[in-house]
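Visitor: This is the structure, below, for whatever I ask next.
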Amino acid sequence: MNKMEHDINNKLDGLLESSLRDSLLKKPHNDFAKNLMLKISLEEEYAREDVKTAKFAKKIIFSITGAFAAIVAFILYAVYSHPSVNENSVEMAERTSSFFEVFSIKVLNLVGLNGPGSMVLILSVIVVATLFLTVDKLILKKK
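Residue numbers 14 to 156, in the working numbering, belong to the letters of the sequence shown in order.
Listed below in structure tokens is the structure:
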């Protein structure tokens, strides 16, 4: 290192030390403590709101799931509870099953996913998404 670089480094060090010394002597703004406490209280309030939102979302999800399960249970009870109309219930179950089968095939054809190749594609996308979410949860967001 030559003399010129040494002088520049010394001047920079001196300037840095003097600015640090000056900053230590300065008083914080009068509202600093008040603003800091306000910010802390706002962050605590936001954290409480996040917890409330998560609880609300869980309640919504569980209520939708419960309603769906109740509807399915009611339909199953209504279809299979009367042995005297067993033929009608079997016929109704077959028609319902065939309706869902035809509907799913039409939806897959509409989207362009028909044949075994498309099923392999769908399964591979599901596997990749599951692996990504697992890796994301276990490794990338590890705290």
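All residues carry an ideal CB built from backbone N, CA and C; glycine is no exception.
(1) So, helix, strand or coil for Asp44, using DSSP?
(2) Return helix, strand or coil for Asn122, following the three-state DSSP convention.
(3) Going by DSSP in three states, Gly128 sits in which element: helix, strand or coil?
(4) Helix, strand or coil for Asn23, going by three-state DSSP, please let me know.
(5) Between His42 and chain D, is any beta-carbon pair separated by less than 8 angstroms?
(6) In angstroms, rounded to a whole number, what distance separates the CA positions of Asp44 and Leu33?
Guide: Here's the rundown:
(1) Within the sequence shown, the letter at position 31 stands for residue 44. In the structure shown, Asp44 sits in coil (DSSP, three-state: anything other than H, G, I, E or B).
(2) Numbered from 1 along the sequence shown, position 109 holds the residue referred to as residue 122. Asn122 falls in the helix class under three-state DSSP.
(3) Taking the first residue of the sequence shown as 1, we reach residue 128 at position 115. Of the three classes helix, strand and coil, the one that applies to Gly128 here is coil, per DSSP.
(4) The sequence position of residue 23 within the sequence shown is 10, counting from 1. Reduced to three states, the DSSP call for Asn23 is helix.
(5) Any reference to chain D falls outside this structure, which holds one protein chain only.
(6) Against the sequence shown, residue 44 aligns to sequence position 31. Against the sequence shown, residue 33 aligns to sequence position 20. Cα to Cα, the separation comes out at about 22 angstroms.
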